[in-house]
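Chains as they are written, first to last, in this note's numbering: chain Y, 1432 to 1613; chain X, -14 to 563.
We treat Cβ as the ideally placed atom computed from N, Cα and C, and that holds for glycine.
Presented below is the structure to which this report refers.
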Amino acid sequence: MESEIFVKAGLLMKDKNFEPKHTISILVENKAGVLARISGLFSARGFNIDSLAVGETDDPTVSRMTIVVKGDEKILEQVEKQLNKLVDVIKLGDYIEIPHLERDLALIKVKADKNDRSELLQIVDIFRAKIVDVADHSVIIEVTGDEDKIEALIRMLGSFGILEMSRTGIVAMARGNNSLTI
Amino acid sequence: MEKTGAEIIVECLEREGVEFIFGIPGGCNLPFFDKLYDSKIRLILTRHEQGASHMADGYARSTGKVGVCTATSGPGATNLVTGLATAHMDSIPLVAITGQVRTDVIGSDAFQEADAIGCTRPVTKHNYLVKDVKDLAHVIREAFYIASTGRPGPVHIDVPVDIQRAKIEFSYPEKISIRSYSPTIKGHPLQIKKALELIKAAERPLLYVGGGTILSGATKELRTLAEKANIPVATTLMANGAMPFDHPLYLGPLGMHGKYSTNTAMQKCDLMISCGARFDDRVTGKLSSFSPHSKKIHFDIDPANIGKSVAVDVPVVGDLKTVLKELNDQMPEKNHKPWIEQIKEWDKKHPFSYKEDQGKDPFIKPQYVIQELHRLTKGEAIITTGVGQHQMWAMQWYPCKYPRHFLTSGGLGTMGYGFPSSIGAKLAFPEKPVICIDGDGSFQMTMSEMATAIHENVKVIVIILNNYYLGMVRQWQELFYKERFSASCLTAQGGRRTKENEPDPRSLKYIPDFVKFAEAYGALGLRLTHKEEVEGALKQALDSKVPVILDVIIHPEEKVFPMVPAGAGLDDIIVDMA
């Protein structure tokens, strides 16, 4: 039964046109225009960004960006080299063969009448998500996890009718001693 | 001491040793120009900002120093973009300073406002918008440092007019450090060792030399390597002069319009040693058939160039001069006589050549004009070019004796580059002959700078190889578009001609009349239609006390050969039409 849910959710399916994704973290100068430099580089060189998340670090002069790139290893190599060339990029790291965590946070507003709520609660429970807002005809679900988990939840919620969704994009960090710092 | 932003800019430029600044004033850089009025920096007022950027570029390429140009906000800044992109593609150190509208109106669509740093971001190595006068001196210091180190490139600084007027207690930042910027200079010893082993083992090695060799100042080290290990040298367009043209190990240029022998050597070598070259598509042709039998060593200061288009066996990241020095110290003497003899055989089979015009009233051959120029100047003049057929003929027939003597827009292919860049180079080297070999199409793109040349007393020579066409476009249309000359003819309505309705260009009125154009500015203009006139006219030009235009009428059907068609492999080189 549970495996059926996951198959339905797409977790066990393999996409034939699968394009590998790579997660890169970069430390950049926390200055105006840096985001434009990074995004401009991707568009100018034809690289595909799957997601991009930015935030300040413990050092207010430094921001950390996590970028998920689509493409083979050759493309990833060029992406990393070109990013490293930008004067405002201080340090770059990827997670190839490095044990690490990836987290994405999503807020999903789903159509839900009284009758739907118990089934919704069950699903939310399986995914260790939270209902953070309830209205007469909808609920907002907050979920954190890696991309697969969030994609799976989105598929499950599809039958209820998704009204609105907002995702942060992936943030990542290596486990243990392996740290990306200046 | 308290100083205004404008005073700070001028003082910083003076301390960087800037000799010339090329540009045009306007509303948003007036405070800066007001301070330049009292400066010892020589200000060159150009007629268009594109001219300013190319002049700064010509100065930078010929001297190796940072070129500086300036413009006002809005259209002034956008006019600089082509010049910055040109410098960016060829890794030329420039600093461009533009005015910007007041900080409190930025973003309000103010008069002459443009998002200048947004425009220049993809075509510069780095750029800045200075929003606080206390950052200004640091930014200028950083800009010069970034422009001139690592893989050089243009840096743009946008300074709002109120920042130029703002006052601050000023002290010059003697030292700067940029935590996020540290180019690799020394090559990795292990990689150098691996390169050494490959060179020792090679039987048919070839040095594939690019513009980075000149930028790094590594031509002496290159020569030592070539001589010690007895390796023949082929150059890209950008590296004309990296090896003296008369050196026995120098083969000539590579690529789309390079020599049959060098391209064949590239295909047959068992070791390719790439020095400061980036495997440009105009050099490699079709990648899948490019130099298939060779091991490849790639020396480059930019790690992003490694493996970008061609996989290499031994990459060495670092400054070429430093790396080659280390390599040469360990290099044993080698001998590759049979291989070099073989290449010379290929060269004898298909050297650069041209046939005299067999017509009743023969045209001047463009190749002959350049050959004569080479003879009269001993290959020691500074040559600049526009982009197109004349540029390729210049590369083929004016192999240079020295580095930094062949200034051409290789990467971006900017028509109109030649004339203003010759002015920049001549200002730097007033005693040397500086000759712009141009096309009639290219020259018209920036010819307004003749006023600058006259006013600044810059005695450059422009040789227009005038075929009444955008000649390279015409060549492609003749070869690949069924001789339908769409918008390439410069003497026809809509530029439209076919081969059938092509008159002898000498019977047509060319607009403008370049001789009268020269005279209108007070330059010397001569039109050349016959071979016998060439030598005398060149001598007269070289002795002239004013700028010169030689309008050399050549045949419209003249083509550049050899040619590797775009997308074809180097093996498919077309030697000539016959």
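Select from the segment 144 to 173 of chain X all residues with a C-beta closer than 9 angstroms to any C-beta belonging to chain Y, and list them in chain order.
163, 164, 165 and 166
Whole alpha helix (DSSP H) runs in the segment 146 to 222 of chain X with 4 or more residues, listed along the chain?
146 to 150, 174 to 186, 196 to 200 and 204 to 213
Could you check whether the Cβ of residue 396 of chain X sits closer than 9 angstroms to any Cβ belonging to chain Y?
no
Cβ distance (whole Å) where residue 564 of chain X is taken to contact residue 433 of chain X below 8 angstroms:
In this structure chain X extends from -14 to 563, so residue 564 of chain X is not present and cannot be described.
For residue 297 of chain X, tell me which candidate among X:309, X:461 and X:272 has the shortest Cα-Cα distance.
X:272
Can you check DSSP and say which residues form a bridge with residue 307 of chain X?
Residue 307 of chain X is not bridged to any residue.
Report yes or no: do the segment 321 to 328 of chain X and the segment 336 to 345 of chain X share at least 3 C-beta pairs separated by less than 8 angstroms?
no
Output the residue ranges of the alpha helix (DSSP H) runs that lie fully inside the segment 1537 to 1568 of chain Y and measure 4 residues or longer, sorted by chain position.
1548 to 1557
Following the continuous beta strand (DSSP E) through residue 281 of chain X, name the residue where it begins and the one where it ends.
280 to 285
Reference residue 535 of chain X; option with closest CA among X:186, X:498, X:278 and X:164
X:498
Determine whether the Cβ of residue 1468 of chain Y lies closer than 9 angstroms to any Cβ atom of chain X.
yes
If we call anything under 9 angstroms between Cβ atoms a contact, is residue 1429 of chain Y one with residue 1535 of chain Y?
In the structure as shown, chain Y starts at 1432 and stops at 1613, and residue 1429 of chain Y therefore has no counterpart that could be examined.
Note down, one range per segment and in chain order, each beta strand (DSSP E) of at least 3 residues found wholly within the segment 474 to 532 of chain X.
509 to 513
Contact between the segment 447 to 456 of chain X and the segment 372 to 386 of chain X is defined here as three or more beta-carbon pairs at a separation below 8 angstroms; is this criterion met?
yes
Can you give the Cα-Cα distance for residue 1604 of chain Y and residue 438 of chain X, rounded to whole angstroms?
59 angstroms
I want to know whether the segment 1554 to 1567 of chain Y touches the segment 1516 to 1536 of chain Y - three or more CB-CB distances under 8 angstroms.
no
Does any CB atom of chain Y fall closer than 9 angstroms to the CB of residue 303 of chain X?
no
Whose Cβ in chain X lies nearer than 7 angstroms to the Cβ of residue 1607 of chain Y?
Correct list: empty, because the minimum Cβ distance to chain X is about 26 angstroms.
Counting C-beta neighbours from all protein chains within 10 Å, is the total for residue 186 of chain X 16 or more, i.e. buried, or is it exposed?
exposed
Drop a sphere of 10 angstroms on the beta-carbon of residue 562 of chain X, count the other beta-carbons inside from all chains shown, and report buried for 16 or more, exposed for fewer.
exposed
Show which residues of chain Y have a CB atom less than 9 angstroms away from the CB atom of residue 240 of chain X.
Within 9 angstroms Cβ-Cβ: nothing; residue 240 of chain X doesn't reach chain Y, min ~23 angstroms.
Touching or not, the segment 506 to 519 of chain X and the segment 189 to 206 of chain X, by the rule of three or more beta carbon pairs under 8 angstroms?
no
Would you be able to state if there are at least three C-beta pairs under 8 angstroms between the segment 167 to 175 of chain X and the segment 299 to 319 of chain X?
yes
Supposed close pair residue 452 of chain X, residue 541 of chain X - CB separation, criterion 8 angstroms:
5 angstroms
Write down every uninterrupted run of the beta strand (DSSP E) in the segment 1458 to 1488 of chain Y whose length is 3 residues or greater and which is fully enclosed by it, in chain order.
1479 to 1487
To the nearest angstrom, how far is the alpha carbon of residue 1580 of chain Y from that of residue 92 of chain X?
42 angstroms
Please decide whether residue 1464 of chain Y counts as near chain X, where near means a Cβ-Cβ distance under 9 angstroms.
yes
C-beta neighbour in chain X for residue 1487 of chain Y, strict 9 angstroms
no
Selection of the segment 1493 to 1510 of chain Y by Cβ proximity to chain X, strictly under 8 angstroms
1505, 1508 and 1509
Check whether the segment 1519 to 1527 of chain Y and the segment 1538 to 1552 of chain Y are in contact - that is, three or more C-beta pairs closer than 8 angstroms.
no
Exposed unless 16 or more other CB atoms sit within 10 angstroms - verdict on residue 208 of chain X
buried
State the start and end residues of the unbroken beta strand (DSSP E) segment that holds residue 1525 of chain Y.
1520 to 1525
Separation of residue 361 of chain X from residue 564 of chain X, as counted between CA atoms
The question about residue 564 of chain X has no answer here: the residues shown for chain X are numbered -14 through 563.
Roughly how many angstroms lie between the CA atoms of residue 223 of chain X and residue 62 of chain X, to the nearest whole one?
27 angstroms
Quick check: is the beta carbon of residue 292 of chain X nearer than 9 angstroms to any beta carbon in chain Y?
yes
Would you check if there are 3 or more beta carbon pairs closer than 8 angstroms linking the segment 0 to 10 of chain X to the segment 1568 to 1577 of chain Y?
no
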